[in-house]
Ligand SMILES: C[S@@+](CC[C@H](N)C(=O)[O-])C[C@H]1O[C@@H](n2cnc3c(N)ncnc32)[C@H](O)[C@@H]1O
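Structure below.
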């Protein structure tokens, strides 16, 4: 395997040379490495440097080149174990561990078997595509923190409906707010895998990007914490004819009629309906960011600022789609937000789309803000 040296954050390591001519170069080499996931990894390094208490130890359960574990050990000073079930990955990780000079434990196991036998303070699941087959093991093997990446965005967002239902036992819908639905479908799935062990989930920093969803969660022991988590799972009821939607907490979606066009609302979920970020932690991350050596610092800064501003509501309006529905041309996003604020409603941008607006105002407030942008 031909190798090339790469630098991420302040960590240097080797990755396989990839074939740039193939449609997905990271898949062309014997061991996987995707440079485009640097922001995902930077976010976790920043998170681990800021979260309190600091993880006592960290398992990179699916190491590949070992980049995540190498970086957490080298840049955060946390004791790390790296695991992979592929022997070629193990050989490369061994070389990378020697190169960084960090004292890292290396294991060659199936992550599910490993997590059935041992616990780690923080467990990071970063598989190919869906994390669904690994989350139960993660829920058992993580003492305090569980981190999960999903790159199967089409099943989670409702574009591949049946795959989404099989993996997550949820019914997504390909709406204009699919990025939010995907993130909250994943979060509700992980929460359900955790609560069966009488443990609860507290989302600390969760985000949705074009090609992946990423969760950083705190796990809490006890039936009470599990019940509080269960109470945050529910549905968004969407009108099939107009943009109206409402939240419906609980295990079984209500049968409700759209107050605008009388069509029966369609349930999307189960979804996580609670907050997805800890704002005090976001503030610490933003503050620390400047002093960190991170390649995606600018993008992360913008992402954290947007997550800080973003409302906790579980759906948003794409205001361009909304304007199309109203048959008017869309005003500037700042103007729409200002109108909503002026009318007395909380409203924000979203962190994954330049045209997304969240508001606690009723549908009519959006109609007013888009149709009459100069009224206020
Ligand atoms: C997407 S790659 C990991 C990428 C890496 N974390 C990074 O940031 O570059 C997935 C890795 O999981 C490993 N893997 C797949 N199934 C596994 C299992 N059941 N147990 C342990 N490792 C597994 C694969 O060998 C592969 O190296």
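Residue numbers (the numbering used here): 657 to 1032. Even for Gly, the Cβ is constructed at its ideal location relative to N, Cα and C.
Run through DSSP, which three-state label would residue 674 get? Walking along the chain shown from the start, residue 674 turns up at place 18. Coil, per DSSP.
Quick check on this structure: which residue in 814, 800, 842 and 1002 has the alpha carbon closest to the alpha carbon of residue 855? Reading the chain shown from its first residue, position 199 is the one you call residue 855. Looking at the Cα atoms, 800 is the closest of the given residues.
With three or more C-beta pairs closer than 8 Å as the rule, is the stretch 759-778 touching the stretch 825-841? no
Kindly give me the distance between the Cβ atoms of residue 736 and residue 716, rounded to whole angstroms, as I take these residues to be in contact under 8 Å. By 1-based counting over the chain shown, the position of residue 736 is 80. By 1-based counting over the chain shown, the position of residue 716 is 60. Their Cβ separation, rounded to whole angstroms, is 7 Å, which keeps residue 736 and residue 716 in contact under 8 Å.
Per DSSP, residue 1014 forms a beta bridge with which residues? The sequence position of residue 1014 within the chain shown is 358, counting from 1. DSSP output for residue 1014 lists 1004 as bridge partner(s).
Should residue 931 be listed as close to ligand 1, given that the test is whether its C-beta is under 6 Å from any heavy atom? For this step, residue 931 is matched to residue 275 along the chain shown. Checking the Cβ of residue 931 against ligand 1 gives no.
Cβ shell of residue 744 (< 8 Å), same chain only, five flanking positions each side left out: By 1-based counting over the chain shown, the position of residue 744 is 88. Only 657, 686 and 687 meet the Cβ criterion.
Between residue 745 and ligand 1, is there a pair consisting of the residue's CB and a ligand heavy atom that are separated by less than 6 Å? As a first step, residue 745 must be located in the chain shown, where it is residue number 89. Correct: residue 745 has its Cβ closer than 6 Å to ligand 1.
Can you find at least 3 beta carbon pairs, one from the stretch 686-703 and one from the stretch 661-669, that sit closer than 8 Å? Counting Cβ pairs under 8 Å, three or more are found: they touch.
Is the Cβ of residue 710 closer than 7 Å to any Cβ of chain D? The chain inventory of the structure shown lacks chain D, comprising one protein chain alone.
Look up residue 872 in the DSSP assignment and say whether it is helix, strand or coil. For this step, residue 872 is matched to residue 216 along the chain shown. Correct three-state label for residue 872: strand.
Is the beta carbon of residue 730 closer than 7 Å to that of residue 710? Numbered from 1 along the chain shown, position 54 holds the residue referred to as residue 710. Numbered from 1 along the chain shown, position 74 holds the residue referred to as residue 730. In this structure, residue 730 does not lie closer than 7 Å to residue 710 by Cβ.
8 Å Cβ shell around residue 957 - same chain, five flanking residues per side excluded: Position 301 of the chain shown, counting from 1, holds the residue named residue 957. So the list reads 942 and 945, once near-sequence residues are dropped.
Would residue 1011 and residue 1003 be called neighbours here (beta carbons separated by less than 7 Å)? To locate residue 1011, count along the chain shown from 1; it is residue 355. To locate residue 1003, count along the chain shown from 1; it is residue 347. It is not a contact, given that the beta carbons lie outside the stated cut-off.
Tell me which residues share the same chain as residue 764 and place their Cβ nearer than 8 Å to its Cβ, disregarding the 5 neighbours each side in the sequence. Counting from one through the chain shown, the residue named residue 764 turns up at place 108. Counting only Cβ-Cβ distances below 8 Å, and skipping sequence neighbours, we find 739, 740, 741, 743 and 746.
Count the other CB atoms, across all protein chains shown, that sit within 10 Å of the CB of residue 985; report buried if there are 16 or more and exposed otherwise. Working through the chain shown from its first residue, we reach residue 985 at position 329. Note on residue 985: under 16 other CB atoms within 10 angstroms of its CB, so exposed under the neighbour-count rule.
Proximity winner among 1018, 843 and 1005, relative to residue 916 (alpha-carbon distances): For this step, residue 916 is matched to residue 260 along the chain shown. Answer by Cα proximity: 1018.
Can you tell me whether residue 666 is helix, strand or coil according to DSSP? For this step, residue 666 is matched to residue 10 along the chain shown. If DSSP states are grouped into helix, strand and coil, residue 666 belongs with coil.
Which residues mark the beginning and the end of the alpha helix (DSSP H) in which residue 1021 is found? Stepping through the chain shown from its first residue, residue 1021 is reached at position 365. According to the DSSP assignment, residue 1021 belongs to the alpha helix (DSSP H) that extends over 1019-1027.
Cα-Cα separation between residue 749 and residue 767, rounded to whole angstroms: Position 93 of the chain shown, counting from 1, holds the residue named residue 749. Position 111 of the chain shown, counting from 1, holds the residue named residue 767. Looking at the two C-alpha atoms, the distance is approximately 16 Å.
Excluding the 5 residues preceding and the 5 following residue 891 in the sequence, name in chain order all residues of the same chain whose CB lies nearer than 7 Å to its CB. One-based indexing of the chain shown puts residue 891 at position 235. Closer than 7 Å at the Cβ level, and outside the excluded window around residue 891, lie 904, 909, 923, 924, 925, 926 and 927.
What do you reckon, is the C-beta of residue 709 under 6 Å from a heavy atom of ligand 1? On the chain shown, position 53 is the one that residue 709 refers to. Residue 709 has its Cβ no nearer than 6 Å to any heavy atom of ligand 1.
Three-state secondary structure (DSSP) of residue 765: Mapped onto the chain shown, residue 765 falls at position 109. In this structure, residue 765 counts as coil in the three-state DSSP scheme.
Would you call the stretch 838-848 and the stretch 894-904 touching, i.e. three or more CB-CB distances under 8 Å? no
Taking just the CA atoms, how far does residue 690 sit from residue 728? Taking the first residue of the chain shown as position 1, residue 728 is located at position 72. Taking the first residue of the chain shown as position 1, residue 690 is located at position 34. If you take the alpha carbons of residue 728 and residue 690, they lie about 17 Å apart.
Quick one: which unbroken beta strand (DSSP E) runs of 3-plus residues sit fully inside the stretch 804-885? Chain order, please. 855-864 and 869-877
For the alpha helix (DSSP H) containing residue 995, name the first residue and the last one. On the chain shown, position 339 is the one that residue 995 refers to. Residue 995 -> alpha helix (DSSP H) spans 989-998.
With DSSP as the reference, please indicate the residues paired to residue 737 in a beta bridge. Reading the chain shown from its first residue, position 81 is the one you call residue 737. Bridge partners of residue 737 according to DSSP: 715 and 761.
Quick one, are the C-beta atoms of residue 864 and residue 1008 less than 7 Å apart? Within the chain shown, the letter at position 208 stands for residue 864. Within the chain shown, the letter at position 352 stands for residue 1008. Closer than 7 Å, so yes.
By alpha-carbon positions, which one of 948, 1022, 994 and 962 ends up nearest to residue 1044? It is not possible to answer for residue 1044, since the shown part of the chain is limited to 657 through 1032.
Helix, strand or coil at residue 915 according to DSSP, with G and I counted as helix: As a position in the chain shown, residue 915 is number 259, starting the count at 1. Here residue 915 sits in coil by DSSP.
Three-state class that DSSP yields for residue 974 in the structure shown: Here residue 974 refers to the residue found at position 318 when the chain shown is read from its first residue. Strand at residue 974.
Taking 6 Å as the cut-off, is the beta-carbon of residue 668 closer than that to any non-hydrogen atom of ligand 1? Stepping through the chain shown from its first residue, residue 668 is reached at position 12. Outside the cutoff, so no.
Quick one: what does DSSP say residue 800 is sitting in, helix, strand or coil? Looking up residue 800 in the chain shown gives position 144. Of the three classes helix, strand and coil, the one that applies to residue 800 here is strand, per DSSP.
Using the Cα positions of residue 1028 and residue 968, report the straight-line distance between them to the nearest angstrom. Looking up residue 1028 in the chain shown gives position 372. Looking up residue 968 in the chain shown gives position 312. So the two alpha carbons sit approximately 26 Å from each other.
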